[in-house]
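J.:
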Amino acid sequence: MKTSYLFLISMLFIILSCASDDSSMFSTGVNNGNGSEGSGGNVDDTDSGGAASNWTIPIDEVVDGGPGKDGIPSIDNAIFLEAGDARVNNYMEDDDLVVGIVRGNVAKAYPHRILDWHEVVNDDVFGDKITISYCPLTGTAFGWESSVDNRYSEFGVSGLLYNTNLILYDRASDSNWSQLKLECVNGEFIGSKPKVADVLETTWKLWKEMFPETKILSNEQGFSRKYTVYPYGDYKQDDEFLLFPVSKIDNSIPNKDRVHVIISVDSAKVFEFSNFGNGKAIKSQFLSNDILIIGDQKMINSYIIGSQYINLVFEYDFSTPDYYFKDNEGNKWNVLGTAVDGPRKGEKLATTSSLMSYWFAIPPFFSKIEIY
Amino acid sequence: MSHLSLFLVVILFISKKSQAQTCCSGGVPLSNNIGLPLAEKGILQIGVSYDYNNLNTLNEGSTRLDDSNRLRVTHSLLLNLGYSITTRFSVEALFSWVNQRRRIITNNTLSQSSGVGDAILLTRYLLLNKNDMTLSIGGGLKLPTGATDKKSDLGITLNADLQPGSNALDAIFLTSVSKQFNFRKSLTFSSRITYRNTGVNREYQNVNRYKFGNETQLFFSITDQFIVFNKIVSPSLTLKHRRVLHDEINSKQISNTGGQWLFLNPSLSIGLAENINFLSSLEVPIYINVEGIQLTPTYRLNFGVLIQLFKEKSRMKIIRKLMTQ
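Residue numbers (the numbering used here), protein chains in the order written: chain A, 1 to 372; chain B, 1 to 325.
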């Protein structure tokens, strides 16, 4: 009998050894996010990251998406291919959507196919540190400067969602940033706004026609992922399929229709692809600004019409990739709003603060919405 | 033989119901741990065990990806109680305490929750016990006794997969058969199938309905018994097939959930005393085919003791007699 007890005690010791694989399950186990574990927190629930308890958004509307912080890995050392590289054809099709950015003489394209799996790319564009983020659940992309309080910081995927939209975290302070709210919502820099960089969304075919020298994210980023596979099943097509709660649903437009949205604080003006047919220029107003929206079935972009341009009559003209619209003075403007030909050559229309999005994502974030 | 036919029909029925894939691989091994050994009338069985489930394998379909950045671990303490009311009818209960962990290796971030997990109540009926063959069926419920509102220290409710409980009432069906042969009486071949028809958590994230995928598990085991240093030692080898359907949210299938697995499970039971057995097992996947991309089990360990009380006959004496034949 003695040997039996001795055996039982030995086994208990082995069990406890196994239990200590990743710190004792009975310990408090709070992690400080810097690679070492500290103490504190409570026994039942531990998590790491910007431990500040204050949020600018209702915390009960923030959800854990499942993979955890950095469980969806950001791309921090992005590898690009030239547009003409034959390898691009291995993972890109002409109608695939890309998020594009142009700085100086550098154009870069970030395919949805790759962003679906990584959501955040910390990149350098023409010497500027830029973070491209894309939330596959709301279909929203932004570029913003990779800085916090004027210090360089990469951003990562926090694993949290607010109104089913991506919450990023900055690696300098561990603060959490709501992508669509464009605000630090928790942590040291709570209330801060990111410095937004203009991005465009269109098809790969159109982008490379407009910017033949563009680079595109390679499908070999050092991660074991198959980028030709969309990871969310029917999500893009099924209007009734939402994975996480949203605080408000508006059935004015089908949930998953992609719309162009001009935003300012709590106001938004929404344009649908159906507004533009095969190509159209629309003059409208948003808050106190005159705005110009140019679109077709592949791309919509919008500009602020300054007082010096108020009498111009604009017209969609995308007969060549060199320009996107023209006016009654004979000026021809490219998609970035720069006059590339005509008496105003070199002048530039200011772009609006805008984005492409699934429609359902807009009402929870903006209380004053006007649908054109 | 008609009982054997019934067993096969039940297996066929259950297999057809769970048409294909299934779900996430994490979680508490409740249906893995039901099915105490059949015992004689009046015997109370108490099993106490510790289960360690390590998920550090990222698979896309049947392909293992070179990415071990995410580690999911479930520690479970399990209390299994069984009582044989008659020679044919027994009841069984399984209670759990669970510690769920998710660690991201690159940034060493840990999220976890702990607490009482869900429980299972099961009844079993011995249909056949003759010619060294037994056949039993059972059914029961998995009760939502575990919490599903555990939060991180940021105050954010953890994902369903990281909660100790499921907040859903599941129906469980079990059938098992075992057979011994004259050429070696201590050698037992057995098979067991469990089917869990999962209920719906109607309060997931307060507004959503979440359903884990239905699960079918099929076990084939071979067990023998030896006397080593005056102890009864029973090594066993089990092949387990697990099939899980997609999880659903608001009746929509969730991608990257569900799949099928084949596990090899060597185990060892040592009779420490006449009515106390030490049990240990290791489970490793030998085939994985998940839906989409999923973190999937790397290995599982289980240790425990099984105590039989109010025993009328000495099992040891019976075994000794068999061994000397």
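Even for Gly, the Cβ is constructed at its ideal location relative to N, Cα and C.
(1) Leaving out five residues before and five after R196/B in sequence, what residues of the same chain have Cβ atoms less than 6 Å from its Cβ?
(2) Looking at the structure shown, is S319/A part of a helix, part of a strand, or coil, going by DSSP?
(3) State buried or exposed for D118/B, treating a residue as buried only when at least 16 other CB atoms are found within 10 Å of its CB.
(4) Chain A beta carbons: is any one of them nearer than 8 Å to that of F283/B?
(5) For G143/A, count neighbouring C-beta atoms within 10 Å of its own C-beta (all shown protein chains included) and say buried if the count is 16 or more, exposed if not.
(6) Give the straight-line distance between the Cα atoms of N275/A and S267/A, rounded to the nearest whole angstrom.
(7) For S84/B, go through chain A and note every residue whose CB falls closer than 9 Å to its CB, in chain order.
(8) Is any beta-carbon of chain B found at less than 8 Å from that of V62/A?
(9) According to DSSP, which residues form a beta bridge with K240/B?
(10) Near V91/B, what residues of its chain come up, given a Cβ to Cβ distance below 8 Å and the 5 sequence neighbours on each side ignored?
(11) Please return the same chain residues whose Cβ sits closer than 8 Å to the Cβ of K248/A, not counting the five positions on each side in sequence.
(12) Between which two residues does the beta strand (DSSP E) holding K185/B run?
(13) Since L158/B and D250/A should fall inside the 8 Å C-beta cutoff, what is the C-beta to C-beta distance between them, to a whole number of angstroms?
(14) Please give me, in chain order, every unbroken run of the beta strand (DSSP E) with length at least 3 that falls completely inside the region 141 to 171 of chain A.
(15) Are F366/A and I263/A closer than 8 Å when you measure CB to CB?
(16) I want to verify the contact list: residues of chain E whose CB lies under 9 Å from the CB of K69/A, in sequence order.
(17) DSSP state of Q308/A, grouped into three classes?
(18) Give the residues of chain A in contact with V339/B, contact being defined as C-beta atoms less than 7 Å apart.
(19) Quick one: grab the DSSP three-state call for M356/A.
(20) Does DSSP put K208/A in a helix, a strand or coil?
(21) Please classify S274/A: does DSSP put it in a helix, a strand, or coil?
(22) Find the residues of chain B that neighbour F80/A, judging by a C-beta separation of less than 8 Å, and give them in chain order.
(23) Quick test of your reading: S191/B and S176/B, contact by CB under 8 Å. State the CB separation rounded to the nearest angstrom.
(24) Are any of the Cβ atoms in chain B nearer than 8 Å to that of A51/A?
(25) Return the chain-ordered list of same chain residues with a C-beta closer than 8 Å to the C-beta of F318/A, the five sequence neighbours on each side being excluded.
(26) How would you call S113/B, buried or exposed, if buried means at least 16 neighbouring beta carbons within 10 angstroms?
(27) For V313/A, count neighbouring Cβ atoms within 10 angstroms of its own Cβ and tell me buried if that reaches 16, exposed if not.
(28) Determine the extent of the beta strand (DSSP E) in which H350/B is found, giving its start and end residues.
(29) Would a C-beta distance cut-off of 8 Å place V157/A and L168/A closer than the cut-off?
(30) Quick test of your reading: I293/A and I282/A, contact by CB under 8 Å. State the CB separation rounded to the nearest angstrom.
(31) If we count Cβ pairs, one from each stretch, closer than 8 Å, do we get three or more for the region 72 to 90 of chain A versus the region 174 to 188 of chain A?
(32) In whole angstroms, give me the CA-to-CA distance for S280/B and N122/A.
(33) Shortest alpha-carbon distance to L327/B belongs to which of Q100/B, V48/B, Q217/B?
(34) Does the Cβ of R151/A have 16 or more other Cβ atoms within 10 Å, making it buried, or fewer, making it exposed?
(35) For H118/A, which option in I59/A, A107/A, P136/A has the closest C-alpha, if you only look at C-alpha atoms?
(36) Among the candidates N289/B, E283/B, T298/B, V305/B, whose CA atom is the shortest distance from the CA of V73/B?
T.: According to the data block:
(1) S31, D170, I172, E215
(2) coil
(3) buried
(4) A quick correction: the sequence has Glu, not Phe, at residue 283/B. No, E283/B does not count as interfacial toward chain A.
(5) buried
(6) The straight-line gap from Cα to Cα measures roughly 20 Å.
(7) By Cβ distance, chain A contributes nothing, its closest Cβ being about 25 Å from S84/B, past 9 Å.
(8) yes
(9) F219/B, F263/B
(10) G82, Y83, I85, L121, L122, T123, R124
(11) P363, P364
(12) 184 to 197
(13) Not really, about 30 Å apart at Cβ, beyond 8 Å.
(14) 155 to 162, 165 to 170
(15) yes
(16) In the structure shown, chain E does not exist; the protein chains are A and B.
(17) helix
(18) Residue 339/B is absent from the model: chain B starts at 1 and stops at 325.
(19) It is a strand residue.
(20) helix
(21) Here S274/A carries a helix assignment [DSSP, helix/strand/coil].
(22) The contacting residues do not exist; F80/A stays about 22 Å from chain B at best.
(23) 7 Å
(24) Any answer about A51/A is weak, because its pLDDT of 48 lies below 50 and its placement is not dependable; what the coordinates show is given next. Closer than 8 Å to some Cβ of chain B, the Cβ of A51/A qualifies, so yes.
(25) Closer than 8 Å at Cβ, skipping near neighbours: G279, D296, Y324, F325.
(26) buried
(27) exposed
(28) The structure shown does not extend to residue 350/B, since chain B spans only 1 to 325, so no value can be given for it.
(29) yes
(30) 5 Å
(31) no
(32) 48 Å
(33) Absent from the structure is residue 327/B, since the part of chain B shown begins at 1 and ends at 325.
(34) exposed
(35) P136/A
(36) Per the Cα distances, T298/B.
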